[in-house]
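Colleague: I am attaching a structure below and will ask some questions about it afterwards.
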Amino acid sequence: MTDSKTKIAARIREAREWKGLTQVHMAQQLKVARQTYLDLETGKTEPKVRLLSEISEITERPLTWFVYGDEGIEILESEYKEEIDRLLQYFSRLPHSARNVILQQSINLAGFMAEYTKALTQRDKS
1 MTDSKTKIAA RIREAREWKG LTQVHMAQQL KVARQTYLDL ETGKTEPKVR
51 LLSEISEITE RPLTWFVYGD EGIEILESEY KEEIDRLLQY FSRLPHSARN
101 VILQQSINLA GFMAEYTKAL TQRDKS
């Protein structure tokens, strides 16, 4: 039976490959040594939540996916299904130009939130 550490390690590698990134690039983005990153992918070491969160952000995979696999995505989707359905219903009623404005603002907000989270993480490290 495969333990959770091994599954998480395999998903880290899978996410990196899915995104088309090298181990060296990932290590640089995470500000860790290549060997440290390699240890994460092989399951030699288990990632801390902060590091797994950064890997999630870089690879654009949901954090729950690393822990639960595809079931994690289903858990996340079912938890917010009603809200997502309602948002999609409202969004589909908007004119195309309004949709574009909202999408652009969402991209800007996501970037802001990522930078804010990164700043909080760096502050917590010090």
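So the sequence shown is numbered by UniProt numbering: it starts at 1 and just counts up by one. Even for Gly, the Cβ is constructed at its ideal location relative to N, Cα and C.
Closest by CA to LYS31, which one among GLU14, PHE91, SER106, ARG50?
Modeller: By 1-based counting over the sequence shown, the position of residue 31 is 31. When each option's Cα is compared against that of LYS31, the closest is ARG50.
Colleague: Please report the straight-line C-alpha distance between ASP85 and ASP70, rounded to a whole angstrom.
Modeller: To locate residue 85, count along the sequence shown from 1; it is residue 85. To locate residue 70, count along the sequence shown from 1; it is residue 70. One C-alpha to the other measures close to 20 Å.
Colleague: List in chain order: all unbroken alpha helix (DSSP H) runs of 4+ residues lying wholly within the stretch 80-117.
Modeller: You should have 81-93.
Colleague: Please state if the CB of GLN23 and the CB of GLU41 are separated by a distance shorter than 9 Å.
Modeller: Here residue 41 is taken as the residue at index 41 of the sequence shown, counted from 1. Here residue 23 is taken as the residue at index 23 of the sequence shown, counted from 1. Yes, they are a contact pair.
Colleague: What did DSSP end up calling THR59 once you bin it into helix, strand or coil?
Modeller: The sequence position of residue 59 within the sequence shown is 59, counting from 1. Reduced to three states, the DSSP call for THR59 is helix.
Colleague: For ILE8 and GLU82, what's the separation of their Cα atoms in angstroms?
Modeller: Looking up residue 8 in the sequence shown gives position 8. Looking up residue 82 in the sequence shown gives position 82. Each residue's Cα considered, the two are about 29 Å apart.
Colleague: When the Cα atoms are used, what is the spatial distance from GLU54 to TYR116?
Modeller: Residue 54 sits at position 54 when you count from the first residue of the sequence shown. Residue 116 sits at position 116 when you count from the first residue of the sequence shown. Whole-angstrom Cα-Cα distance: 13 Å.
Colleague: Could you check what DSSP says for VAL24 in three-state terms: helix, strand or coil?
Modeller: Reading the sequence shown from its first residue, position 24 is the one you call residue 24. DSSP places VAL24 in helix when its eight states are reduced to three.
Colleague: Give the secondary structure of VAL32 by DSSP, where H, G and I count as helix, E and B as strand, and everything else as coil.
Modeller: The residue given as residue 32 occupies position 32 in the sequence shown. DSSP places VAL32 in coil when its eight states are reduced to three.
Colleague: Just the C-alpha distance for GLN28 and ARG34, rounded to the nearest angstrom, thanks.
Modeller: By 1-based counting over the sequence shown, the position of residue 28 is 28. By 1-based counting over the sequence shown, the position of residue 34 is 34. Roughly 8 Å between the two C-alpha positions.
Colleague: Measure the C-alpha to C-alpha separation of PRO95 and ILE102 and round it to an integer number of angstroms.
Modeller: Within the sequence shown, the letter at position 95 stands for residue 95. Within the sequence shown, the letter at position 102 stands for residue 102. Cα-Cα distance, rounded: 11 Å.
Colleague: My assumption, with CB atoms under 8 Å, is that LYS118 sits in contact with THR59. Please give the rounded CB distance.
Modeller: Taking the first residue of the sequence shown as 1, we reach residue 118 at position 118. Taking the first residue of the sequence shown as 1, we reach residue 59 at position 59. At roughly 15 Å, the Cβ-Cβ gap does not stay under 8 Å, so LYS118 and THR59 are not in contact.
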